[in-house]
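A quick write-up on the structure given underneath.
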Ligand SMILES: Cc1cc2nc3c(=O)[nH]c(=O)nc-3n(C[C@H](O)[C@H](O)[C@H](O)COP(=O)(O)OP(=O)(O)OC[C@H]3O[C@@H](n4cnc5c(N)ncnc54)[C@H](O)[C@@H]3O)c2cc1C
Ligand code: SF4
């Protein structure tokens, strides 16, 4: 392992000062960064441990019914918070569908937003990868591409963003609060991750030294609470990343859909907000046919980046299913297999 | 670690006979409290850490390694490459017997598979060694790897598995197929599987002159000594292997592998103890795996659905430089009655590491293919899969006609079917859905496994205080040998397991043979049983010759050992404790020895297998393709169950 310095700043100001030096990486839960350091994909000279910075680990409920989530809140703590589960059930379900209990206890909200791609070529130092080493090429192209992108990709990179958490957060208009040497700013979660274009190495809208301090969900997003779901198709029912996932939320009234929220995971380098589909749904009566129309609209621009055309049809079917389930209503308690399309068949209590 | 630390802490509830009782694991508390020491937990004084640099190409040559950069890294002590690797006592390119494979120990710059060791970096810390290995920045001359059936070189198999027959034919298969009312053809391909156990391979090697101590997980502790000794030109007795606990083995830890030899070599070269622990990624390549197979079955059926002939052909993959062929086709030889059966295996060479025995070599992929073929055949004749298997039930061993020593497969079928509710299964597929709309499928299959026995030895010592020490170099991979073997010994000694100290997992102890092939309990267990009985016989001898003993003169009538006392067989009120017998004789102990000796005549006369039946329910989401196994019921006839709790946890 490459030798590195470890620094633990006392406060945010010190963290930002340390973070502005080149070769520095912020360390939160470490569940992604340390793994990448062990395999040589991340090679920082110095890590700045933000894990114990004061004031970043709380939930702050707002007057509008929204919530401000500190960047250091653990994935598990957020998912099991009773009020949060009630208000944003699809986010809780997405969190609990990810990784394992141990990882969720260690992983932070900020780290989850900024987790790196799971493209196997990205993780294999013997492969060319534009994201890891700019302009070195992309060995994924023409390789094992079953899990790669079908939306928003470029010849420079076809990797997908692996986060579950980000998917409902994008659907719910989450806003990321950022602090940098130049002060504070806000970025819509939808704009946090960049599509690859010609510069896949620039993964996010953050400047190198910028720190995420919190993520906010607006009170408005709670309007879909009673009709929201997160579904995740994966190769194992637990402890596996999404092949394709979908988060949906419906606001119903007078037998019609007042407004709809829909986002996809596992299809692009960012959580994919499907606004065209939302437009198809809004104002109409919920029906199988309308759901299918919405699914078609969501994937209208999709094209395979390799041997993954199946993901396009799979995503369409998943959208129909997640909308059906959202219409049926969020379950009273989280299902036994969070995010699994098979969940209804196996009782409705989350046992993990 | 002191092995008697594995003795129980809590008193055992004694239920009468020892064997057959659901005792909890004797080593359980050590394990859950983190005090069970695994190989990599050892940190002797002056320890150095070795890390393998593994090839990132699958075929070709290493053209350069930046050894200077690695050596310049702080903490790096030495870098072993083909350029400076000290000589070995034997040629690593030579095969050393059915269990010995050609190993890669930096003998040249050729790359034969991805993950092959191409250098070993030794440093004062694991981190430094890891970074040293990363700095080597190997350059290659790569050739296109042959990793498919089409690109690999096919060859007729000399043998399969560990010296199994590559071609067997009973009866006339051609004629059987020609006479069949229909022939059902099935093709099955099985992937490579890697025995990537929870505990990856690890070793701590220490030299003291020409004596070598190895802390390493090992499934064949005494046998392995000779293998390592040969590579270093020393006598097997000079090698001490300590392997009290293994975090899983699945066969791979019974085999001598290259990385371990490199660590021992580095320890000798640098004259300091060296630790090498493979990373999980490094487990894919140099330490064996189950090879891929391509299988084709032909089942000839008469008008009633009886087999007229069964042909099982397999192509098994091996490496480009050594041969271990998964004996998949042979799995069809002993399961179903058929007037003609043939099993044939061919080989294909791929650019991978050499496969090796892995958990039920042959039976695992072979019986899967056979059972799939049986289902296809049942469907073709319009019969229920279970009914079809019963129609083709083998009353005697197919081929040989030998009677089975025991076969309760019919009972397994009946019991499993009842528990599962098999009778409600519709004959045609795609008939069942659950309340949520998922498709439901029910299937079943037969399980069969031979009962191998290996040579094994053991020692049992009855001590002055009436307790016993039993010893054999057994291996506990997590299957429960620490508990089950002690139970068997306690039974033979007429003692409660709490009074039996058990030493195991150390090559200075009597040879317990190999812990593999599901034969360890039968092999080491029988040796322990015989050792216990021998100790009791010697103790009885002392008592029966002593006029002051209540057992005096019991010679022909005999004695029974129970609860720490010897009783006269015809009058159980006449008894004496072990401690009293030894005290009066002025003896500190009696020592019994036992061997596992298989009755070769009995083996010739009878076919020995355990049998089972497994029933499964699988649900499929028809729109999203998600699959989940929702129920699995197995019924097994596996002979005498030494400890039902351990068996259940399997
Ligand atoms: C085996 C395994 C399985 C997994 N399965 C899933 C899954 O199914 N679904 C899923 O969504 N995820 C999965 N994950 C990923 C997991 O969710 C992430 O590893 C985790 O959320 C990262 O959080 P962390 O706090 O540990 O981040 P770290 O590892 O500490 O950091 C990750 C990255 O974010 C940066 N960073 C962290 N916090 C901040 C901050 N506040 N501001 C700026 N930069 C920051 C770090 O510098 C680093 O680059 C899995 C991970 C593992 C190891
Ligand atoms: S798809 Fe992207 S991450 Fe994967 S190898 Fe190509 S450039 Fe790298």
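Protein chains in written order, with this note's numbering: chain A, 141 to 492; chain B, 137 to 786.
For glycine and all other residues, C-beta sits at the position ideal for the given N, C-alpha and C.
Tell me the DSSP secondary structure of residue i in three-state form.
i                      : result
residue 293 of chain A : coil
residue 489 of chain A : Confidence is the limiting factor: at residue 489 of chain A the pLDDT is only 42, short of 50, which leaves the residue's position unreliable and the question unanswerable from this model.
residue 266 of chain B : helix
residue 147 of chain A : strand
residue 351 of chain B : strand
residue 277 of chain B : strand
residue 751 of chain B : strand
residue 327 of chain A : strand
residue 740 of chain B : helix
residue 251 of chain A : helix
residue 619 of chain B : helix
residue 214 of chain A : strand
residue 527 of chain B : helix
residue 142 of chain B : Only weak support is given to the placement of residue 142 of chain B: the predicted model assigns it a pLDDT of 39, under 50, and the question is left unresolved by the model.
residue 298 of chain A : coil
residue 467 of chain A : helix
With a threshold of 7 Å, establish whether the CB of residue i neighbours any heavy atom of ligand 1.
i                      : result
residue 171 of chain A : yes
residue 250 of chain A : yes
residue 220 of chain A : no
residue 190 of chain A : yes
residue 381 of chain A : yes
residue 215 of chain A : yes
residue 167 of chain A : yes
Could you tell me whether any Cβ in chain B is nearer than 8 Å to the Cβ of residue i?
i                      : result
residue 141 of chain A : yes
residue 283 of chain A : no
residue 458 of chain A : yes
residue 492 of chain A : Low per-residue confidence applies at residue 492 of chain A: pLDDT is 37, beneath 50, and the placement is therefore not dependable, though the value from the model is reported in the following sentence. Chain B contact via Cβ: absent.
residue 475 of chain A : no
residue 488 of chain A : Since pLDDT at residue 488 of chain A reaches only 43, below the 50 mark, its modelled position is unreliable, and the value read off the structure follows with that caveat. Answer no: the Cβ-Cβ gap between residue 488 of chain A and chain B never drops below 8 Å.
residue 373 of chain A : yes
residue 243 of chain A : no
residue 454 of chain A : yes
residue 274 of chain A : no
Please confirm whether any heavy atom of ligand 2 lies closer than 7 Å to the CB of residue i.
i                      : result
residue 301 of chain A : no
residue 270 of chain A : yes
residue 298 of chain A : yes
residue 261 of chain A : yes
residue 340 of chain A : yes
residue 280 of chain A : yes
residue 294 of chain A : no
residue 257 of chain A : yes
Between residue i and residue j, which are expected to be in contact by the criterion C-beta below 8 Å, what is the C-beta distance as a whole number of angstroms?
i                      : j                      : result
residue 751 of chain B : residue 556 of chain B : 4 Å
residue 236 of chain A : residue 463 of chain A : The Cβ separation is near 21 Å, so there is no contact.
residue 518 of chain B : residue 317 of chain B : With a Cβ gap of about 12 Å, residue 518 of chain B and residue 317 of chain B do not count as contacting.
residue 258 of chain B : residue 406 of chain B : 6 Å
residue 285 of chain A : residue 170 of chain A : With a Cβ gap of about 30 Å, residue 285 of chain A and residue 170 of chain A do not count as contacting.
Should residue i be listed as close to ligand 3, given that the test is whether its C-beta is under 7 Å from any heavy atom?
i                      : result
residue 188 of chain B : Summarising the ligand content, the structure contains ligand 1 and ligand 2 and does not contain ligand 3.
From the DSSP output, which residues share a beta bridge with residue i?
i                      : result
residue 402 of chain A : A/388
residue 568 of chain B : B/576
residue 339 of chain B : B/412
residue 253 of chain B : B/190
residue 216 of chain B : B/256
residue 292 of chain B : B/482
residue 373 of chain A : A/384
residue 716 of chain B : Residue 716 of chain B pairs with nothing; no bridge assigned.
Residue i CB to nearest chain A CB: under 8 Å?
i                      : result
residue 166 of chain B : no
residue 511 of chain B : no
residue 762 of chain B : yes
residue 289 of chain B : no
Practice item. Can you give me, in chain order, the residues of the stretch 265-276 of chain B that have a beta carbon less than 7 Å from any beta carbon in chain D? Key: Checking the listed chains, one finds no chain D in this structure; the protein chains it contains are A and B.
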